[in-house]
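Below is one structure; the comments refer to it alone.
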Amino acid sequence: MNRDRSDVMNNEEALVNNGTTVNNGTTADNETRIPVPHGLDDLEVQEWLESLDSVLESSGPEVATEILERLRAHATVSGIDLPFSANTPYANTIPARLEPLFPGDQELERRIKSLIRWNALAMVVRANRVEHNIGGHISTFASAATLYEVGFNHFFRARTPEFEGDTVYFQGHASPGIYARAFLEGRLSAQNWKIFAAN
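Quick note: the sequence shown, position 33, residue 462 per this note's numbering, numbers continuous.
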C-alpha cells in the first residue's frame, strides 16, 4: 500500500513487512516495527530495508551486523545521539525466513486442545462441588494449554528400549489439563478422573 507524505507525518510508527509499508496494526511475516520521524518519506525507509535484505541474502547476517555496527559508530562520530534502552521488544531468535513449517496438523491439534480444555474445566467444576477453593486450576491450565500441547505433540519423548524418556514435572495447578489429556487418550478411566475431586 503506498502512502503520501501526509500519511507518514500523521503516524509515529509504520509497520514494514515483505516490501509493503502499512500502518493499520496488522501482522505479517518478516514484520519490522520502525519509528518514522515526521516528514520522512516511507519510500526512503523502504529502500534502506530492502538494501539490508539484499545484504542478508547475498552475504549473510554476519556481514549485515558488521555494516550496522559501522553505521552506528559513524553516526556517533557524526554527533548523532542514538537513544539507548536496556528494555528491548521481544524478537524471535530465528529469522522468519529460516523458520520451518509447522510439522503437525494445526486444525486437528487445536481441536484436541479444545477437548482437553473442556474436560479439564468439567473436572475442576465437578471438584469445586466438593472443595470450593480450587477454581484457580482452570485459569492455570487454560493459560498454558497451547504450550503443553506443543510439548506433548512435538517435544516430549516417550520411553523406548534405547531411551529412558523425558521426565517432565508439571505445575500442580495445571494437573487437570494433564489428567484430561490422559483421559482423552484412554490412559485414565472415568473412575480415575472422578478421584480428582476427592484429592
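Glycine included, C-beta positions come from ideal geometry on N, C-alpha and C.
Reduced DSSP category for residue i - H, G, I as helix; E, B as strand; rest coil
{"i": "T596", "result": "coil"}
{"i": "T589", "result": "strand"}
{"i": "P490", "result": "helix"}
{"i": "E578", "result": "helix"}
{"i": "N548", "result": "helix"}
{"i": "E656", "result": "Residue 656 lies beyond the range of the chain shown here (430 to 628); nothing can be said about it."}
{"i": "N453", "result": "Low per-residue confidence applies at N453: pLDDT is 40, beneath 50, and the placement is therefore not dependable, though the value from the model is reported in the following sentence. Looking at N453 - three-state DSSP - the assignment turns out to be coil, as it is neither helix nor strand."}
{"i": "S568", "result": "helix"}
{"i": "G615", "result": "coil"}
{"i": "D470", "result": "coil"}
{"i": "H602", "result": "helix"}
{"i": "H561", "result": "coil"}
{"i": "S483", "result": "helix"}
Under 7 angstroms between C-beta atoms of residue i and residue j
{"i": "A603", "j": "T569", "result": "yes"}
{"i": "I545", "j": "R586", "result": "no"}
{"i": "L485", "j": "A493", "result": "yes"}
{"i": "A549", "j": "P605", "result": "yes"}
{"i": "E538", "j": "N582", "result": "yes"}
{"i": "N566", "j": "V554", "result": "The amino acid occupying residue 566 in the given sequence is His; Asn does not appear at that position. No, Cβ-Cβ distance for H566 and V554 is not below 7 angstroms."}
Residue closest to residue i, alpha-carbon to alpha-carbon, out of the options
{"i": "R540", "options": "L478, V579, R616, S483", "result": "V579"}
{"i": "I624", "options": "Y608, E479, L613", "result": "Y608"}
{"i": "P532", "options": "F584, P518, G489, R526", "result": "F584"}
{"i": "K542", "options": "E498, Y577, G489, H503", "result": "Y577"}
At 3 residues or longer, and completely inside the stretch 510-557: list those beta strand (DSSP E) runs for me, N to C. none
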